[in-house]
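Before any comments, here is the structure.
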Amino acid sequence: EPEVTQTPSHQVTQMGQEVILRCVPISNHLYFYWYRQILGQKVEFLVSFYNNEISEKSEIFDDQFSVERPDGSNFTLKIRSTKLEDSAMYFCASSLPSDYEQYFGPGTRLTVT
Amino acid sequence: RKEVEQDPGPFNVPEGATVAFNCTYSNSASQSFFWYRQDCRKEPKLLMSVYSSGNEDGRFTAQLNRASQYISLLIRDSKLSDSATYLCVVNHQAGTALIFGKGTTLSVSS
Numbered sequence: 001e002p003e004v005t006q007t008p009s010h011q012v013t014q015m016g017q018e019v020i021l022r023c024v025p026i027s028n029h030l031y032f033y034w035y036r037q038i039l040g041q042k043v044e045f046l047v048s049f050y051n052n053e054i055s056e057k058s059e060i061f062d063d064q065f066s067v068e069r070p071d072g073s074n075f076t077l078k079i080r081s082t083k084l085e086d087s088a089m090y091f092c093a094s095s096l097p098s099d100y101e102q103y104f105g106p107g108t109r110l111t112v113t
Numbered sequence: 001r002k003e004v005e006q007d008p009g010p011f012n013v014p015e016g017a018t019v020a021f022n023c024t025y026s027n028s029a030s031q032s033f034f035w036y037r038q039d040c041r042k043e044p045k046l047l048m049s050v051y052s053s054g055n056e057d058g059r060f061t062a063q064l065n066r067a068s069q070y071i072s073l074l075i076r077d078s079k080l081s082d083s084a085t086y087l088c089v090v091n092h093q094a095g096t097a098l099i100f101g102k103g104t105t106l107s108v109s110s
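Residue numbers (the working numbering), protein chains in the order written: chain A, 1 to 113; chain B, 1 to 110.
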């Protein structure tokens with residue numbers, strides 16, 4: 001069964017450093033998403049991406065964040081200058097254009113020290 | 001007001017019990033409704049979509065009441081493996097943000 005994959009599974013970084021989280025969505029999906037979940041809190045939407053541009057973003061997704069689809073398979077989330085409060089699980093998801101159902105990758109646990 | 005609200009639990013039940021979770025949503029424009037399951041430190045996994053007519057998948061039954069903006073999940077004959085957090089999720093349009101509740105924790109014991 002096709003699945004969303006994410007790398008790395010765990011990233012530790014120092015405050016102020018840049019990080020790039022990587023995702024490979026399901027191959028025939030055209031919508032891509034990033035969500036985050038701070039420990040003990042709910043899953044929160046960050047951004048959606050379709051046709052090589054951001055289609056929706058939340059107020060969490062400020063100028064420190066950017067997304068990119070550098071090639072035909074990868075989808076990345078970059079955090080330019082990490083803060084302590086960026087520590088969270090980051091989940092990538094993908095879906096078909098006509099489908100409400102989104103499928104999640106296993107997540108990257110980001111720890112900012 | 002939170003957009004999706006759930007009773008956080010925890011619900012502690014013995015194996016074989018029937019347990020029901022409830023959820024309310026505030027935005028009447030919501031179009032699609034789901035129950036996801038999340039194990040500790042894992043990704044949310046789609047359990048089932050929820051339709052106005054109600055739907056069943058084995059031991060799981062989901063109901064939607066659009067008038068009351070209320071969603072439910074019933075689990076019959078609980079198994080140890082059902083222990084997880086159950087997330088109520090709504091969506092306004094395909095390709096847009098899923099809006100999650102905080103989840104209800106279920107613990108099934110032998």
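We put the beta carbon where it would ideally sit given N, CA and C, even for glycine.
None of these values were measured; they are calculated from a predicted model.
Residue burial classification, residue i (beta-carbon count within 10 angstroms, cutoff 16)
i	result
R37 (chain B)	buried
V12 (chain A)	exposed
Q41 (chain A)	exposed
Y70 (chain B)	exposed
D39 (chain B)	exposed
Q63 (chain B)	buried
I54 (chain A)	exposed
S30 (chain B)	buried
Any chain A beta carbon closer than 8 angstroms to residue i
i	result
K42 (chain B)	yes
G16 (chain B)	no
S49 (chain B)	yes
T96 (chain B)	yes
F60 (chain B)	no
S28 (chain B)	no
L106 (chain B)	no
F11 (chain B)	no
S32 (chain B)	yes
Anticipated Cβ contact below 8 angstroms, residue i with residue j, distance rounded
i	j	result
L21 (chain A)	L96 (chain A)	Not quite, the Cβ-Cβ distance comes to about 23 angstroms (not below 8 angstroms), so this is no contact.
I75 (chain B)	T24 (chain B)	Going by Cβ atoms, the distance from I75 (chain B) to T24 (chain B) rounds to 19 angstroms, so no, they are not a contact pair.
V4 (chain A)	F65 (chain A)	Not confirmed; about 19 angstroms, so no contact.
E18 (chain A)	I79 (chain A)	7 angstroms
M89 (chain A)	R69 (chain A)	At roughly 22 angstroms, the Cβ-Cβ gap does not stay under 8 angstroms, so M89 (chain A) and R69 (chain A) are not in contact.
T104 (chain B)	F11 (chain B)	7 angstroms
V13 (chain B)	F34 (chain B)	23 angstroms between Cβ atoms; not a contact.
C-beta contact flag for residue i and residue j at 8 angstroms
i	j	result
F91 (chain A)	Q37 (chain A)	yes
G16 (chain A)	S87 (chain A)	no
V43 (chain A)	V67 (chain A)	no
S83 (chain B)	S107 (chain B)	yes
S78 (chain B)	G16 (chain B)	yes
S32 (chain B)	N91 (chain B)	yes
P106 (chain A)	K45 (chain B)	no
Q14 (chain A)	T113 (chain A)	yes
P8 (chain A)	S27 (chain A)	no
N27 (chain B)	S72 (chain B)	no
Cutoff 8 angstroms: residue i Cβ touching any chain B Cβ
i	result
Q64 (chain A)	no
E56 (chain A)	yes
V12 (chain A)	no
K83 (chain A)	no
E53 (chain A)	no
Ignoring anything shorter than 3 residues or poking outside the segment 55 to 83 of chain B, list the beta strand (DSSP E) runs there in chain order. 55 to 57, 60 to 65, 70 to 75
TODO: Just list the beta strand (DSSP E) runs in the segment 36 to 98 of chain A, keeping only unbroken ones of 3 residues or longer that don't cross its boundaries, in chain order.
DONE: 44 to 50, 53 to 57, 65 to 68, 75 to 79, 88 to 95
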